[in-house]
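Peer 1: Just so you know, the UniProt record's numbering puts 311 at position 311 of the sequence shown, and the rest follows in order with no gaps.
Structure below; questions to follow.
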Amino acid sequence: MEAKTAKKTGKKLVIVESPAKAKTIGKYLGKNYIVEASMGHVRDLPKSQLGVDVEDNFNPKYITIRGKGDLLDKLKKLAKKSDKVYLATDPDREGEAISWHLANILKIDEDDKCRIEFNEVTKNAVKNSIKNPRTVNKNLVNAQQARRILDRLVGYEISPLLWRNIKWGLSAGRVQSAALKLICDREEEIKKFVPEEYWTIDCILSKSNKKITTKLTAYKGKKVVINDEKTTNEIVEALRNNDFIVTKTKTAEKSKSPLPPFTTSTLQQEASKKLNFTTKKTMSLAQQLYEGIDIKGHGIVGLITYMRTDSVRISDEASSSVLEFIRGKYGDDYAVQNARVFKGKKNIQDAHEAIRPTYIDITPEVAKETLSRDQLKLYTLIWNRFVACQMSNCILNTNSIEITNGDYKLKASGSTIKFEGFMKVYEYVADGEEQHGLLPVINENEVLKCIDIEPKQHFTQPPARYTEASFVKLLEEKGIGRPSTYVPTISTLLDRRYIERDRKNLLVTELGNIVNDIVSKFFKQIVDIDFTASMEGKLDSIEEEGKEEWTKIVHDFFTPLKKDIDIAEKEMSKIIIEDKVSDVPCDKCGRMMVIKHGRFGDFLACPGYPDCQNTKAIVIEAEAPCPKCGGKVVVKRSKRGKKFFGCSNYPKCDFVSWNEPVKDKCPECGSYMVKKYSKSLGNYVECTNSECKHREVKEQKDVQE
């Protein structure tokens, strides 16, 4: 008896990854299309076993992801009834692999042109993709398979060794372990750093009652290096005994170019610096902007292009559109005559355009009514950066003077904006660039009056700890991972408690150091930065027209790794990490409780477990009493996990503050003061009285030179 053939509906099925994207695309394609979401990957390697047959040329064993069975049944039924199935997953390796798995599950012929892709979720891009379908790119799929299998081999072969010898739940990873070593190496540099004393001398001079701050730069034609107070005093005395004579003046115009549009890495860095967003938050918001949001007056639109990219390339259509917008809004002088073309870095994939707005006329002001506060902040950053990149250069008027005092030379410089150009939309200050006004008009051979000489003692600073922004920049520079892996790499290190955040800094933990030491000792190849970077290049070569056979790359990687694993199995010794003992006695048995870590953070537990199973929450108290009732002020967490300070007598007392209160009262008005921090001042305390705002700097920040 022949099986019944499913009755065709005359409609076409389009499968995307997310419901938000499905909603946006469904609106563009109309009633003849059914748009469904796969909710990401549908098949993967099993969690309970290696899932890779090492003896059979590393053949992967894929299974349906738990919870996806009903979804796949639904997609199968829809596919049978549809005239055509289009796979519209994300335009990257992961997206290609999802399409390949879907094609296999839905029994779509590998020669069928079922794959469509678009860099932006706009009506034109989506409709054009339907007109130009292609077959699933097996080279892209193989590149993703090779990466997934390599990561599985490292994780499932090395991690059990860490469980047996250190602690259950630990992990090692091909990219993760190399990234951890970079943070550990930086911490080691900081520990070994020996500060060196050095001095600088500023001379405050004047011309017609206008002060000019000059810096001592040279002695007898060589750069001045002062290492002690005695030498400093001798130089100061010499400067006081001679005239300050202007020997050279220079006036010029300086042109400042805009930065290129965002890549994944630069977006994460800038969002961290300017918006204080974590890399994870930045990419989550960017995903929402890409997939589509219902904008008042425009309907559901994808607001930005694909957000996982290492390219600064811009399409001709986008360049023309933004130039027309600039001329209309700011005037012809603000637009470049020919569209700027930015040069990308070496060894990038360049598969997609830079991150940019899809519709330049949807300005932040237009989107403001619809977007959430954080969505708007990120969209504004992307929109401004893109518009600025096609605007005219900023023109600065600059002047500088060189001053001679005996055998010593001093310099001063100043600048003002003559034409703001792109700075009208997007301001940035380059490293080492100073912002101050022009110097007064001074002629050569003039003698300037000395008002004061200011010697300053400094000490060289250790290398700064990485922030998420600087760490992403380092990963990109070193070639560790790719745009799509920066966020999961940092997240994994944080989740495993190998590193932790202190304000914006990433600090390595004791556990992180132990894991790094062991992996570095037994698996040198895994943590070798150059090797990890070269492996990324090999994975890219699989993608580039199949230049490399993926199974050979996996074989060449795994053969030496297996030898290291065998050695580690024999030689790795057990390490016991003692729980940190608190100063809180167990109220059931009297033992001093220890600090444990659980799903929801640290807590106190009795070391007598299982005989005594007492646990307690950790309460962190502020030094200052509650300004309202005199009770204890304790650290609390908001629903979103943000730390704040509140009175322990809540709800009787409703005192709350985002900043920690201090014991000392304001000397000017008597109000309570709180701890604060800024880049320019470092740590300081500030009065909470809005009419007073008394401020005391507690720790002056020194500038590393």
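Ideal placement from N, C-alpha and C gives every residue a C-beta, glycine not left out.
These numbers come from a predicted model, not from an experiment.
How far does the alpha helix (DSSP H) with MET283 in it reach, from first residue to last?
Peer 2: 279-291 is the extent of the alpha helix (DSSP H) around MET283.
Peer 1: Can you tell which of GLY590, CYS612, ILE618, ILE575 has its C-alpha closest to the C-alpha of LYS596?
Peer 2: Ranking GLY590, CYS612, ILE618, ILE575 by Cα distance to LYS596 puts ILE618 first.
Peer 1: Under three-state DSSP, which class holds VAL519?
Peer 2: Helix at VAL519.
Peer 1: Tell me whether the beta-carbon of LEU475 lies closer than 8 Å to the beta-carbon of ALA179.
Peer 2: In contact: LEU475 and ALA179 (Cβ atoms closer than 8 Å).
Peer 1: Whole angstroms are fine: how far does the CA of GLU291 sit from the CA of PRO308?
Peer 2: For the sequence presented, residue 308 should be read as Arg rather than Pro. Answer to the nearest angstrom: the Cα atoms are 13 Å apart.
Peer 1: Just to confirm, is the Cβ distance from VAL141 to ALA97 under 8 Å?
Peer 2: In this structure, ALA97 lies closer than 8 Å to VAL141 by Cβ.
Peer 1: Please determine, among ARG501, GLU229, ILE565, GLU454, the residue with the shortest C-alpha to C-alpha distance to PHE471.
Peer 2: Ranking the options by Cα distance to PHE471, first place goes to ARG501.
Peer 1: My parser needs the beta strand (DSSP E) runs of 3 or more residues fully inside the region 326-407; what are they?
Peer 2: DSSP runs (the beta strand (DSSP E)) wholly in the region 326-407: 394-405.
Peer 1: So the beta strand (DSSP E) ASP202 belongs to, where does it begin and stop?
Peer 2: It spans 197-207 - the beta strand (DSSP E) in which ASP202 sits, taken as one unbroken run.
Peer 1: From what residue to what residue does the alpha helix (DSSP H) around VAL554 run?
Peer 2: Segment 550-571, the alpha helix (DSSP H) holding VAL554.
Peer 1: Compute the beta-carbon to beta-carbon distance between ASN614 and LYS588, rounded to the nearest angstrom, for a pair I have assumed lies under 8 Å.
Peer 2: Their Cβ separation, rounded to whole angstroms, is 5 Å, which keeps ASN614 and LYS588 in contact under 8 Å.
Peer 1: Terminal residues of the continuous beta strand (DSSP E) containing PHE645?
Peer 2: From DSSP, the beta strand (DSSP E) with PHE645 extends over 643-647.
Peer 1: Between the alpha carbons of ARG591 and ASP602, how many angstroms are there, rounded?
Peer 2: ARG591 and ASP602: Cα-Cα distance of roughly 18 Å.
Peer 1: Which term fits VAL246, buried or exposed, when burial requires 16 or more other beta carbons within 10 angstroms of its beta carbon?
Peer 2: So VAL246 ends up on the buried side.
Peer 1: In chain order, what residues of the same chain lie with their CB nearer than 6 Å to the CB of SER254, ignoring the 5 residues before and after it?
Peer 2: Reading off the sequence shown, one finds Lys at residue 254, where the question assumed Ser. Excluding sequence neighbours, LYS254 sits near LEU396, THR398.
Peer 1: Between ASP228 and GLU196, is the Cβ-Cβ spacing less than 8 Å?
Peer 2: The answer is no: Cβ separation not under 8 Å.
Peer 1: Use the C-beta contact count for GLU120: other C-beta atoms within 10 angstroms, 16 or more gives buried, fewer gives exposed.
Peer 2: So GLU120 counts as buried.
Peer 1: Does the distance from the CB of ARG340 to the CB of CYS389 come in under 8 Å?
Peer 2: Yes, Cβ-Cβ distance for ARG340 and CYS389 is below 8 Å.
Peer 1: What is the DSSP secondary structure of PHE193, reduced to helix, strand or coil?
Peer 2: Three-state DSSP puts PHE193 in coil, outside helix and strand.
Peer 1: Look at the alpha carbon of LEU438 and the alpha carbon of GLN457, and state the distance between them as a whole number of angstroms.
Peer 2: One C-alpha to the other measures close to 28 Å.
Peer 1: As an exercise, report each continuous beta strand (DSSP E) stretch of at least 3 residues that is fully enclosed by the region 572-615, in chain order.
Peer 2: Complete beta strand (DSSP E) runs here, min 3: 580-585, 592-598, 601-605.
Peer 1: If we ignore side chains and look at the alpha-carbon of each, how far apart do ASP566 and SER573 end up?
Peer 2: Going from the Cα of ASP566 to the Cα of SER573 covers about 14 Å.
Peer 1: So what's GLU317 in DSSP terms, helix, strand or just coil?
Peer 2: Note: GLU317 maps to helix in three-state DSSP.
Peer 1: So is the beta-carbon of SER82 under 7 Å away from any non-hydrogen atom of the ligand GTP?
Peer 2: The model on display carries no ligand, and the ligand GTP is accordingly not part of it.
Peer 1: Grab me the residues of ASP243's own chain with a C-beta within less than 8 Å of its C-beta, minus the 5 sequence neighbours each way, in chain order.
Peer 2: Closer than 8 Å at the Cβ level, and outside the excluded window around ASP243, lie ASN405, VAL447.
Peer 1: Once DSSP output is grouped into helix, strand and coil, what is the label at ALA97?
Peer 2: If DSSP states are grouped into helix, strand and coil, ALA97 belongs with the helices.
Peer 1: Tell me the DSSP bridge mates of TYR219?
Peer 2: TYR219 is bridged to LYS222, TYR408.
Peer 1: Can you pull the DSSP bridge partners for PHE244?
Peer 2: DSSP output for PHE244 lists LEU448 as bridge partner(s).
Peer 1: May I ask you to report which of helix, strand or coil DSSP gives MET673?
Peer 2: In this structure, MET673 counts as strand in the three-state DSSP scheme.
Peer 1: Tell me which residues share the same chain as LYS181 and place their Cβ nearer than 6 Å to its Cβ, disregarding the 5 neighbours each side in the sequence.
Peer 2: So the list reads ASN516, VAL527, once near-sequence residues are dropped.
Peer 1: Please classify TYR334: is it buried, with 16 or more other beta-carbons within 10 angstroms of its beta-carbon, or exposed?
Peer 2: By the 10 Å Cβ count, TYR334 comes out buried.
Peer 1: Give the DSSP-derived three-state secondary structure of ILE235 in the structure shown.
Peer 2: Of the three classes helix, strand and coil, the one that applies to ILE235 here is helix, per DSSP.
Peer 1: Could you pull the start and end residues of the beta strand (DSSP E) that ARG501 belongs to?
Peer 2: First-last of the beta strand (DSSP E) with ARG501: 499-502.
Peer 1: For ARG152 and LYS504, what's the separation of their Cα atoms in angstroms?
Peer 2: Distance between the alpha carbons of ARG152 and LYS504: 31 Å.
Peer 1: At the level of alpha carbons, what is the spacing between ILE108 and LYS12?
Peer 2: Approximately 14 Å, taken between the alpha carbons.
Peer 1: What three-state label does DSSP hand THR509 in the structure shown?
Peer 2: Correct three-state label for THR509: coil.
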